[in-house]
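Engineer: Please read through the structure below; I'll follow up with questions.
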Amino acid sequence: MHLCHAGFKGSQVGRDFRMGRTHDRTKTNRRAAGKLGTPAMTENPYKTLPPSAFWRSGVAEAGLFGYKNLWKSPWTLPSDARFSTFGSCFAQHISRVLVARGLNWKNAEKAPGLTPNALAQKYNYGVFTARTGNIYTAAQLLTWARLAVDPSAVESIEIWRSPNGRFFDSLRPVIEPDGFESVQEARASLATTARAFHRSFSEAEVFVFTLGLTEGWEDASTGQVWALCPGTGVGTYDPDRHVFCNYAYPRIMADLEAAMAIMREVNPDLRFLLTVSPVPLVATASGNHVLSATTYSKSVLRAVAGDLAMTRQEVDYFPSYEIIASPPSRGAFFEPNLRGIAIEGVSLVMGHFFAGLDISGPPARGGEDAAAKRIYDSEQAMAEDDLVCDEIIMERFNNA
Amino acid sequence: MPEINPKLVFVGDSHAAALLAGATALGLDADGVSWSGSAWHDGKFALTETGLEPRGLPAPLKAMAGLRARLAKDTETDKGQIVVTTLGFHLGRLVPPFGWNGHQAFSSGEPRPAETDTVSQAFLRDYVQHFRARHLRVARRWSRMVNLVIVAPPPAFSRPSYMAFRDELLFLCHQARLTVFDPSTEFQNEGGIVPAALLEADGVHGTTEYGARVMEAMVRNRVLDLTLPH
């Protein structure tokens, strides 16, 4: 089996190697045709290509900070488009910059009203659209999508009990700084986040997902995916139960397609913007050198994301990985540990994101903001309570 | 029990009114000053060497001066002076914003209904401490100046989150070694909720009868070292 990308002669309807399904390659061919022009009018198809199609003019001469047209959104989004963001740790930058730029970042699981910023950060509110913590793998994303449409399924998520009697849920082992006080509390919190995750795709126009890893861990008996290997921080590693999985292309593709199908079932207009985190693996359990494992992992993720973007109208790929980790950057944006990404790199990535984003469409929504009305009503009620309190004080206390 | 009761001083928010009225109805020598719960919530008070004072509130400042004149001393900081206060609770300002984004708080161990967005007990404690750390700090210092008794507000209803915040504040008061009385213990036979007959029309504030019952309960439970007049 191999995937034959539609090129100059791609058939309009191709055979999908993955599931034996057919899929429309119109999008691929349209893009190819747009880039290549009409061969009959030129000596060869490259003659009419823009500078960005050539390494010399597009990269070498342009320089790291001079790339032009690195990414162009295929969608004209409404001016009030809501962006949900999830994924590995690099995805945390995206939400911050969207907020800083005044775009409509969807916060589906806000901290309780008037929570100070330091407290919200301590409990990981406002990092991703819902309080999922990092979602490193496509398998984790699928788990969250399934929980979102059936929050009662949180009962199947394993809760760890630490030696000091605190509890940690295996999907978000570091979401609470000191864990939960009971299994019941942990599950209630998971269900709260599952509902928020549902809002993250039912009440958004764009679902931005940053693919982080191919390596993950599963429970051999239940098949439940784990966010982190048990024993690395919380939990106890059991070699008979905890199975290492280096997810390959077919499984990642299948999990992503399944997750997207669940979300599109709820919100048929939802679009997906995929990115690949340029942050290398902190460690590999594959048996390979971590450098090789990182290259494998990122290559597979990049290939899956690219193929989905080429074959699906509702999916696009944004090249954050290329900006940071490709040879022209010479590793300049990595912190001294060669993993963390310097803020200058994040700025460059997001600069390209905003340069290519098209939110020139008319606003999709209008009318009353339900959240704002709820707060206004609450403020009014508190003001009325104050009046009652003042009357009681005047009547009984301060007449002396 | 003292043969002659000292004068009771009430300083607090609007919930102190019922306690003062109840004390007076019981024949106790009582006086006090109060200002709104929102000002307490916002921290418009300070502890000086002469006692607790409102800040930036002209009418309560004047009332405090009047109280001190009636007490015939410049300060209410006599070591034996009993001061009953509602300092630190002010739930009407603390609880509603917590629910602005759809959250409900639950007391530790209380069942959490499905479909209810909630937070952990640890978060709730941090949230309450953020808004009440100064109140508790002042209360601890104040309790070294006078015989301070903190009284929680009437458990008047079972609205979401109120009981959890109440319980959390009671815990923090106990943890700070403050003398605190929870009126819900007096209403255990009524489901822990104050009967409607003991509430004002707003359903939130206690009546004089409520205040008297709570004062009696505090004496009975030795929270207040007093002898009730017959």
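As given, the protein sequences belong to chains A and B, one line each in that order. Under the working numbering, the first residue of the first sequence carries the number 9, and numbering increases by one thereafter. Under the working numbering, the first residue of the second sequence carries the number 27, and numbering increases by one thereafter. Just so you know, even glycine gets a beta-carbon here, dropped at the ideal spot from N, CA and C. Predicted model, so just to flag it, every value in this text is computed and none were measured.
From the beta carbon of residue 196 (chain A), is the nearest beta carbon of chain B less than 8 Å away?
Structural biologist: yes
Engineer: May I ask you to list, following chain order, the residues of the segment 47-71 of chain B that have a beta carbon less than 7 Å from some beta carbon of chain A?
Structural biologist: 47, 58, 59, 60, 61, 62, 63, 64
Engineer: Alpha helix (DSSP H) containing residue 102 (chain A): first to last residue?
Structural biologist: 99-108
Engineer: What first and last residue would you give for the beta strand (DSSP E) that runs through residue 176 (chain B)?
Structural biologist: 173-177
Engineer: On the DSSP bridge assignment, give the partners of residue 253 (chain A) in chain order.
Structural biologist: A:224
Engineer: Please return the same chain residues whose Cβ sits closer than 6 Å to the Cβ of residue 113 (chain A), not counting the five positions on each side in sequence.
Structural biologist: 91, 103, 106, 107
Engineer: Could you give the distance in angstroms between the alpha-carbon of residue 217 (chain B) and the alpha-carbon of residue 390 (chain A)?
Structural biologist: Spanning the two alpha carbons is a distance of roughly 27 Å.
Engineer: Indicate the three-state DSSP secondary structure (helix, strand or coil) for residue 228 (chain B) in the structure shown.
Structural biologist: coil
Engineer: Taking the beta carbon of residue 73 (chain A) as the centre, do at least 16 other beta carbons fall within 10 Å, making it buried, or is it exposed?
Structural biologist: Flag for residue 73 (chain A) reads exposed.
Engineer: From the DSSP output, in three-state form, read off residue 398 (chain A) for me.
Structural biologist: helix
Engineer: When you compare the CB positions of residue 132 (chain A) and residue 141 (chain A), do they come within less than 8 Å of one another, or not?
Structural biologist: Against a cut-off of 8 Å, the Cβ pair of residue 141 (chain A) and residue 132 (chain A) comes out as a contact.
Engineer: For residue 398 (chain A), would you say it is in contact with chain B, using Cβ-to-Cβ distances shorter than 8 Å as the test?
Structural biologist: yes
Engineer: Is the segment 249-258 of chain A touching the segment 158-177 of chain A, taking contact as three or more C-beta pairs under 8 Å?
Structural biologist: no
Engineer: Would DSSP call residue 144 (chain A) helix, strand or coil?
Structural biologist: In the three-state DSSP reduction, residue 144 (chain A) falls in the coil class, being neither helix nor strand.
Engineer: May I ask you to list the residues that DSSP assigns as paired with residue 130 (chain B)?
Structural biologist: B:144
Engineer: Could you please tell me which residues of the segment 146-157 of chain B, in chain order, have their CB closer than 7 Å to any CB of chain A?
Structural biologist: For the segment 146-157 of chain B, which is checked against every Cβ of chain A, the residues closer than 7 Å are 146, 147, 148, 149, 152, 153, 156.
Engineer: Rounded to whole angstroms, what's the CA-CA distance from residue 357 (chain A) to residue 191 (chain A)? Just pull it up for me.
Structural biologist: Per the coordinates, the alpha-carbon of residue 357 (chain A) lies some 41 Å from the alpha-carbon of residue 191 (chain A).
Engineer: Over the uninterrupted alpha helix (DSSP H) stretch that includes residue 316 (chain A), give me the two end residues.
Structural biologist: 298-319
Engineer: In whole angstroms, give me the CA-to-CA distance for residue 336 (chain A) and residue 234 (chain A).
Structural biologist: 35 Å
Engineer: Who are the neighbours of residue 231 (chain B) on chain A, taking C-beta pairs under 7 Å?
Structural biologist: 400
Engineer: Compute the Euclidean distance between the alpha carbons of residue 155 (chain B) and residue 196 (chain B), then round it to the nearest angstrom.
Structural biologist: Taking the straight line joining both Cα atoms gives about 12 Å.
Engineer: Helix, strand or coil for residue 197 (chain A) per DSSP?
Structural biologist: helix
Engineer: When the cut-off is 8 Å and only beta carbons count, does residue 193 (chain A) lie next to chain B?
Structural biologist: yes
Engineer: Measure from the alpha carbon of residue 172 (chain A) to the alpha carbon of each residue in A:283, A:368, A:187, then state which is nearest.
Structural biologist: A:187
Engineer: Give a yes or no on whether 8 Å exceeds the smallest Cβ distance from residue 138 (chain B) to chain A.
Structural biologist: yes
Engineer: Would you give the residue range spanned by the beta strand (DSSP E) that residue 234 (chain B) belongs to?
Structural biologist: Residue 234 (chain B) -> not in any beta strand (DSSP E); alpha helix (DSSP H) instead, spanning 234-246.
Engineer: With a cut-off of 8 Å, does the C-beta of residue 168 (chain B) fall near any C-beta of chain A?
Structural biologist: no
Engineer: Check whether the segment 224-234 of chain B touches the segment 188-203 of chain B, counting contact only when three or more Cβ pairs, one atom from each stretch, lie closer than 8 Å.
Structural biologist: With the rule of 3 Cβ pairs closer than 8 Å, the segment 224-234 of chain B does not count as touching the segment 188-203 of chain B.
Engineer: Quick check: is the beta carbon of residue 123 (chain A) nearer than 8 Å to any beta carbon in chain B?
Structural biologist: Chain B has a Cβ within less than 8 Å of the Cβ of residue 123 (chain A).
Engineer: Hey, quick one: how far does the beta strand (DSSP E) through residue 93 (chain A) stretch, first residue to last?
Structural biologist: 90-95
Engineer: Anything in chain A within Cβ reach of residue 193 (chain B), meaning under 8 Å, just list it in chain order.
Structural biologist: Result: empty, since nearest Cβ-Cβ is about 13 Å, beyond 8 Å.
Engineer: With a threshold of 8 Å on Cβ separation, who are the neighbours of residue 242 (chain A) within its own chain once the five nearest residues in sequence on each side are excluded?
Structural biologist: 168, 170, 176, 181, 182, 187, 236
Engineer: Three-state secondary structure (DSSP) at residue 270 (chain A)?
Structural biologist: Correct three-state label for residue 270 (chain A): helix.
Engineer: On the CB-based measure, 16 or more other CB atoms within 10 Å of its CB, does residue 37 (chain A) come out buried or exposed?
Structural biologist: Caution applies to residue 37 (chain A), whose pLDDT of 47 falls short of 50 and renders its modelled position unreliable; the value that the coordinates give is listed next. Counting Cβ neighbours within 10 Å, residue 37 (chain A) comes out buried, since at least 16 surround it.
Engineer: Measuring only between beta-carbons, confirm whether residue 213 (chain B) sits less than 8 Å from chain A.
Structural biologist: no
Engineer: Hey, residue 315 (chain A) and residue 81 (chain A) are a contact pair by Cβ (cut 8 Å); roughly how many whole angstroms apart?
Structural biologist: So it is not a contact: roughly 19 Å between Cβ atoms.
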